[in-house]
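Following: one structure in structure tokens, then a few remarks.
Protein chains: 4
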Amino acid sequence: MSSAFGNKLKIQIFGQSHSKGLGVVMDGIPAGMKIDLEEVQRFLDRRAGGKNAYSTARKEADTPTVLSGLVGDTTCGAPLCAIFENANTKSGDYDKLKGNLRPSHADYAAWMKYNGYQDRSGGGQFSGRLTLPLCFSGAVCIQLLRQQGVEVSSHILSIGEIQDEAFDLVDIKQKTYLPDEFPVLNAAVGEEMVAYMTEIAKEGDSVGGIVECAFTGIPVGVGEPIYDNVESCIARVMFGVPAVKGIEFGMGFAGVKQRGSECNDAFYLEGDQIKTKTNNSGGIQGGITNGMPVVFRVALKPTPSIYKEQETVNFKEMTENKFHIEGRHDPCIVPRALPCVEAAAAVALYDLLLEK
Amino acid sequence: MSSAFGNKLKIQIFGQSHSKGLGVVMDGIPAGMKIDLEEVQRFLDRRAGGKNAYSTARKEADTPTVLSGLVGDTTCGAPLCAIFENANTKSGDYDKLKGNLRPSHADYAAWMKYNGYQDRSGGGQFSGRLTLPLCFSGAVCIQLLRQQGVEVSSHILSIGEIQDEAFDLVDIKQKTYLPDEFPVLNAAVGEEMVAYMTEIAKEGDSVGGIVECAFTGIPVGVGEPIYDNVESCIARVMFGVPAVKGIEFGMGFAGVKQRGSECNDAFYLEGDQIKTKTNNSGGIQGGITNGMPVVFRVALKPTPSIYKEQETVNFKEMTENKFHIEGRHDPCIVPRALPCVEAAAAVALYDLLLEK
Amino acid sequence: MSSAFGNKLKIQIFGQSHSKGLGVVMDGIPAGMKIDLEEVQRFLDRRAGGKNAYSTARKEADTPTVLSGLVGDTTCGAPLCAIFENANTKSGDYDKLKGNLRPSHADYAAWMKYNGYQDRSGGGQFSGRLTLPLCFSGAVCIQLLRQQGVEVSSHILSIGEIQDEAFDLVDIKQKTYLPDEFPVLNAAVGEEMVAYMTEIAKEGDSVGGIVECAFTGIPVGVGEPIYDNVESCIARVMFGVPAVKGIEFGMGFAGVKQRGSECNDAFYLEGDQIKTKTNNSGGIQGGITNGMPVVFRVALKPTPSIYKEQETVNFKEMTENKFHIEGRHDPCIVPRALPCVEAAAAVALYDLLLEK
Amino acid sequence: MSSAFGNKLKIQIFGQSHSKGLGVVMDGIPAGMKIDLEEVQRFLDRRAGGKNAYSTARKEADTPTVLSGLVGDTTCGAPLCAIFENANTKSGDYDKLKGNLRPSHADYAAWMKYNGYQDRSGGGQFSGRLTLPLCFSGAVCIQLLRQQGVEVSSHILSIGEIQDEAFDLVDIKQKTYLPDEFPVLNAAVGEEMVAYMTEIAKEGDSVGGIVECAFTGIPVGVGEPIYDNVESCIARVMFGVPAVKGIEFGMGFAGVKQRGSECNDAFYLEGDQIKTKTNNSGGIQGGITNGMPVVFRVALKPTPSIYKEQETVNFKEMTENKFHIEGRHDPCIVPRALPCVEAAAAVALYDLLLEK
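Chains as they are written, first to last, in my numbering: chain A, 25 to 380; chain B, 25 to 380; chain C, 25 to 380; chain D, 25 to 380.
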């Protein structure tokens with residue numbers, strides 16, 4: 025078991041950083057749905073790096089080949105499989121590490137889990153590269169969700185200490201974009217964030233941040249009790265996105281300081297529709313959607329790959345060691361992680377929507 | 025789909041607040057394991073209410089009847105089923121609500137999801153009562169984990185604004201207990217919390233809090249990539265615990281403000297064992313355990329059931345309405361939720377341990 | 025993993041022959057469905073023994089207690105759990121076997137599988153008693169199928185060498201019943217079978233037979249490709265019925281001797297409906313229903329429990345041994361297995377119907 | 025849901041007859057296992073057609089490309105994905121059928137299931153071509169099983185009326201091969217079969233047959249009770265092989281005519297090993313392996329594609345019609361289906377072995 029997810033929609037991801045290819049199988053999409061692959065490509069471009077001072081220079085051939093599941097631009101009921109080639113598949117390059125375990129990477133855990141047989145090259149199956157098929161599946165689900173009136177919005181809520189405005193939980197406003205797909209609500213704050221990340225990059229260090237994501241237009245009653253509730257399913261997929269270390273819905277951690285009388289979302293009538301005046305629940309009550317925007321925040325830790333010298337253990341010689349990681353890295357993964365957050369959540373929500 | 029969870033260990037929960045009974049089936053426990061039912065009972069007593077000024081007076085017959093899966097005190101390889109009777113099964117009492125949708129409860133979402141056929145009595149399958157079988161399954165898994173050297177510790181990190189000390193992430197210290205199973209690290213802070221909850225109870229209001237939980241002794245290499253990683257599985261089950269609105273691992277949300285050079289956990293050698301000097305990763309890297317304590321924090325919202333008058337919609341007359349909820353409620357669910365947090369996580373971890 | 029089945033409808037069976045109780049959880053039945061428990065009881069009575077010369081005398085308290093999932097007679101969307109008490113739970117009685125492995129029973133396989141920890145009393149979880157919850161789940165699904173226009177018919181096609189007429193594959197005729205729920209198409213043949221079984225019983229031996237089962241009214245397009253096709257799902261559950269050793273659909277094994285030109289089912293128009301002139305496919309083409317009756321035959325081996333002396337190995341002394349099994353047994357399980365066959369298939373079909 | 029299977033080993037098949045490609049993902053193979061891809065290729069060649077008078081001329085590029093899961097020749101714990109190109113992907117050729125539904129093919133059922141959106145080209149996802157990834161997954165599992173001492177043997181038991189000798193159920197003998205991988209126990213009978221199929225081919229008709237398959241060396245105690253017993257799992261996957269209409273284990277349908285005293289498999293001691301004198305159970309008791317050879321027989325219907333004129337309905341004009349199918353077809357699929365039978369069973373058994 026491992027890289028599979030879903031009930032009605034089964035997602036199976038495969039591949040390693042330097043294997044011949046990687047990809048995803050989506051089994052369970054209803055027949056007769058239109059998929060716009062150019063729009064998918066535009067979504068994938070949002071996660072691609074190498075466009076600016078604060079993301080890695082690796083240029084990737086990130087164009088999917090759809091092997092099955094489509095007839096023209098329409099699903100046929102067969103599993104949809106999309107694959108991506110790995111340009112750089114020379115598996116020698118992990119030797120650069122010369123046996124040094126990269127702190128806060130999966131190196132050590134994977135080595136022990138797979139008794140040394142894991143693919144060490146470029147992080148193997150733990151590489152951020154695996155978010156490419158994840159984003160493909162999400163881009164498809166975002167289209168399928170939109171066809172049912174569900175829209176996703178997200179922005180960078182913080183980078184390090186720098187805070188963007190938060191979403192109005194009852195009224196999600198369209199986000200502002202700086203150049204290079206840098207989504208924030210307050211453009212000025214965005215400029216600050218970019219400047220800060222560029223500074224951090226110069227220092228050879230990294231920093232984390234928070235992504236805030238909202239889905240609007242979800243019908244009431246989506247989600248299953250206990251283990252497949254909406255929060256459970258979104259949280260499950262979200263921790264599959266590298267660097268995610270926390271998630272909260274609605275008021276989340278801030279809500280614990282409130283009184284019930286403040287935090288409860290009072291129902292009212294808008295015409296014959298039942299709505300809530302506030303949305304501290306983040307659109308989810310008892311694990312089920314209540315028709316209000318589903319809003320959550322995801323904490324992304326600082327990229328563990330940094331230039332600065334680090335202490336570690338060399339598993340080949342079993343000695344303590346000092347080393348630094350070569351190659352180019354993202355000083356902050358948040359901008360590239362944002363589409364992954366949208367993608368992961370879209371897959372979980374579409375699966376639950378089919379389940380309904 | 026809904027109330028089922030697990031790969032190697034399948035958990036199936038069933039029951040409603042006022043159905044004849046409720047319970048859980050645990051399918052996949054290896055044969056030959058000893059289960060101490062008295063110890064299970066002591067665990068269940070920790071979630072029982074009615075013992076003090078800040079928890080509901082409902083007295084429940086919370087003693088499990090094990091129908092199958094055990095021969096004497098030993099598992100036989102057959103699914104283990106435990107059931108609980110519901111003392112109060114007169115399903116009339118929801119009429120008290122007279123059609124008023126309780127704010128921030130599942131009432132409205134469930135009504136829409138099940139087209140009005142949901143069991144409205146006492147919250148039906150969305151009742152906190154369902155944490156009873158959840159705790160049973162967790163109490164069993166905690167014993168099975170202990171037999172493999174894994175121990176769980178948890179404490180109340182905060183109630184409203186009142187903060188207990190946090191765990192030392194690399195060295196989990198045994199918790200202090202006030203009377204009535206009130207686990208905190210700093211007893212003085214605990215007294216404050218109790219006084220505060222009692223005050224809130226008098227006001228007819230409620231408040232939330234945070235539980236911090238740690239598992240020690242987990243072997244390296246537990247967890248599967250992407251969708252079944254340790255964080256994904258713990259998060260998934262945790263949002264099945266009522267009132268949970270957020271979860272974070274290791275440094276979690278605070279970590280996003282750190283630099284990679286601070287946040288990375290440097291490896292070192294302790295004899296021939298590889299360990300990390302810090303544990304900002306919360307014992308999990310790449311979704312897989314690294315042998316350090318697995319530590320996470322769970323945000324619990326204020327109990328939505330309060331005495332204070334609330335605004336809502338009456339779904340029978342489709343009118344806006346003012347009402348207040350009768351009966352006794354917990355002004356703060358955190359103390360009773362804490363064993364549920366341990367239980368839910370124990371189930372997820374034991375399933376992953378079997379998977380390994 | 026083990027006693028669980030289903031995609032949209034999850035079935036979890038639990039219990040042993042002499043555990044406190046046994047039962048089943050059905051998770052995924054839509055809310056708002058009416059269940060007639062008296063009709064369920066009449067179905068369960070069909071599998072009960074002790075009514076005649078050819079079935080065991082064990083009188084069982086086979087009345088289900090529904091713990092959850094129903095409000096009155098209507099499903100509420102919560103998992104439906106039904107339990108049965110085991111009257112005889114004194115677990116000493118397996119000592120009668122004094123360590124002798126019953127030939128063609130699960131005794132030896134289970135002993136090895138569970139390292140001796142299996143529940144040996146009365147066959148433990150391998151007891152035919154487990155067909156009681158299986159039949160409960162099937163009886164419920166038969167009602168749910170009927171509400172969608174699907175009807176099940178079945179009859180005893182053979183006992184030993186004695187053959188009943190076979191179904192007309194395109195036109196399933198209502199079956200004839202002898203007293204004691206003995207369903208055959210030709211009553212005279214039925215009398216013969218009863219006489220034969222009574223004879224076999226006198227000899228202390230047993231015999232097998234074949235059940236033929238048909239479902240009519242299934243819509244076109246039910247079933248999923250490859251692993252969840254209709255034949256796969258029915259076959260999977262059918263081998264969960266004790267004593268089943270073979271299954272065939274439509275012409276089955278006889279069809280292999282036909283030419284394609286004979287065996288192919290020609291399409292024709294009945295008004296605007298597409299039908300087939302013959303039904304050698306048994307209503308299933310490419311694993312998917314084509315609207316014709318779904319017909320299959322199940323081979324049931326002779327009951328392994330016989331009075332005649334048998335050779336075996338005693339696992340306590342690890343010696344070869346001669347012994348004979350005490351207590352009363354069915355000389356032929358076919359009549360009691362027939363409702364189990366209907367039940368198992370109904371569960372698989374209803375799950376696929378929900379999947380559609 | 026559909027083209028996915030397995031608990032510990034997850035198999036996900038994808039592709040259509042004329043899509044860009046097809047393939048399989050195998051998720052759950054332990055790390056560190058050696059896979060010999062040349063041996064896999066030799067296995068795949070056994071199912072390839074076009075080598076003789078009785079199989080279709082279609083020449084296919086049936087060489088897998090392994091995208092992931094291997095480092096050199098060793099599994100690394102990541103999902104193993106293998107893909108195959110489809111040489112002929114011009115999707116026009118189904119127009120040859122001009123809307124005529126091929127009798128006893130999936131055409132009609134699929135058309136209704138997918139509301140006309142199914143891939144009609146070359147049978148789409150219902151094409152026999154999908155057995156190519158199935159065989160790949162099986163060839164890998166056969167190697168993994170062999171590494172644990174499990175061997176598979178199979179032969180053609182019958183073509184039409186022509187019968188080969190049956191396996192000795194307690195002592196499986198190595199099979200004889202005619203040229204072109206035509207496995208029978210009696211070579212003379214094999215010659216007869218070949219002559220007969222060639223004759224049928226001349227007539228433009230087709231015929232069916234039976235494959236007998238045996239696995240030796242399986243440890244005692246493999247299989248799970250009720251729904252995941254060995255017979256259930258093998259049967260489930262077997263009906264995923266096109267043209268399969270029946271399966272039986274051990275004595276199967278013939279066993280129903282036996283007395284219990286004949287059919288029961290008496291235990292005896294061979295040294296300190298418990299064995300059975302006969303193997304009418306086919307190595308499976310209570311659904312669990314007992315250490316004797318696992319033997320089963322599979323009925324394969326005559327290939328539905330024949331040259332002879334057939335009656336059908338044209339779904340475009342909704343008129344009854346006479347037509348005949350062009351192109352070359354197998355007059356008998358049995359020889360090419362045999363490796364598919366081995367492959368499907370190997371996947372099910374290896375999954376259960378990992379489960380153990």
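Glycine residues also receive a C-beta, built at the ideal position from the N, C-alpha and C atoms.
Residue contact with chain B for Pro-103(C): present (Cβ-Cβ distance below 8 Å to some residue of chain B).
Tyr-292(D) sits in a strand when the DSSP states are folded into three classes.
Against chain B, a Cβ distance below 7 Å from Gly-264(A) picks out Ile-250, Tyr-251, Asn-253, Ser-256. Distance between Thr-89(C) and Ile-37(B), taken at the CA atoms: about 17 Å. The continuous beta strand (DSSP E) containing Cys-237(B) extends over residues 233 to 240. Runs of alpha helix (DSSP H) with 4 or more residues, each lying fully within the region 275 to 328 of chain B, are found at 276 to 279, 284 to 287, listed in chain order.
Around the C-beta of Asn-139(D), fewer than 16 other C-beta atoms lie within 10 Å, and the residue is accordingly described as exposed.
The criterion of a C-beta distance shorter than 8 Å is satisfied by Gly-306(D) and Leu-193(D). Not one beta carbon of chain D lies nearer than 8 Å to the beta carbon of Ile-53(A). A direct Cα-to-Cα measurement between Pro-127(D) and Val-246(C) gives close to 18 Å. For Cys-105(C), the enclosing beta strand (DSSP E) starts and ends at 104 to 109. Below the 9 Å Cβ cutoff, chain B contributes no neighbours of Tyr-374(C), its closest Cβ being approximately 15 Å away. Here Tyr-201(D) is exposed: its Cβ has fewer than 16 other Cβ atoms, across all protein chains shown, within 10 Å.
The C-beta distance from Pro-317(C) to Gly-232(C) rounds to 25 Å, too long to fall under 8 Å, and the pair is not in contact. Membership of Pro-363(B) in the alpha helix (DSSP H) is indicated by the continuous run 358 to 379.
Among the CB atoms of chain B, one or more fall inside 8 Å of the CB of Gly-245(A). Annotation: the region 187 to 222 of chain D contains the following complete segments of the beta strand (DSSP E) (minimum length 3 residues), in chain order: 200 to 202, 206 to 208.
With 16 or more other CB atoms across the displayed protein chains lying within 10 angstroms of its CB, His-129(A) is buried. Put simply, the CB of Gly-173(C) is far from chain D, with every gap to its CB atoms at 8 Å or more. One thing to note: Val-319(B) has its Cβ no nearer than 8 Å to the Cβ of Val-365(B). Two segments are said to touch when three or more pairs of C-beta atoms, one from each, lie closer than 8 Å; by this definition the region 268 to 278 of chain B touches the region 264 to 284 of chain A.
According to DSSP, Lys-58(A) shares a beta bridge with Thr-98(A). For Asp-97(A), the closest alpha carbon among the candidates Asp-143(A), Leu-46(A), Leu-168(A) is that of Leu-168(A).
As for any beta strand (DSSP E) of minimum length 3 sitting wholly inside the region 155 to 183 of chain A, the runs are 175 to 183, ordered along the chain. Taking 9 Å as the Cβ-Cβ cut-off, the region 133 to 144 of chain A approaches chain D at Ala-134, Lys-137, Tyr-138, Asn-139, Gly-140, Tyr-141, Gln-142, Asp-143, Arg-144, given in chain order. At a C-beta separation below 8 Å, Ala-259(C) has these neighbours in chain D: Ser-256, Ala-259, Arg-260, Met-262, Phe-263, Ile-271. Remark: C-beta atoms of Ser-27(D) and Ile-250(C) approach each other more closely than 8 Å. Sorting Asp-143(C), Ile-196(C), Ser-230(C) by C-alpha distance to the C-alpha of Glu-185(C) places Ser-230(C) at the top. Between the region 279 to 297 of chain D and the region 356 to 373 of chain D, the count of C-beta pairs closer than 8 Å stays below three; the two stretches do not touch. Under a criterion of Cβ atoms nearer than 9 Å, the residues of chain D adjacent to Gly-39(A) are, in order, Leu-91, Ser-92, Gly-93, Ala-102, Pro-103, Cys-105. No Cβ of chain D is located within less than 8 Å of the beta carbon of Asp-354(C).
The three-state secondary structure of Val-254(D), taken from DSSP, is helix. Between Asp-69(C) and Phe-239(A), the alpha-carbon positions lie close to 52 Å from each other.
Looking at the backbone, the Cα of Phe-339(C) and that of Gln-309(D) are separated by about 17 Å. Interface flag for Ala-111(B) against chain C is unset, since no Cβ pair is found closer than 8 Å. Here the alpha carbon of Val-213(A) sits roughly 57 Å from the alpha carbon of Val-261(D).
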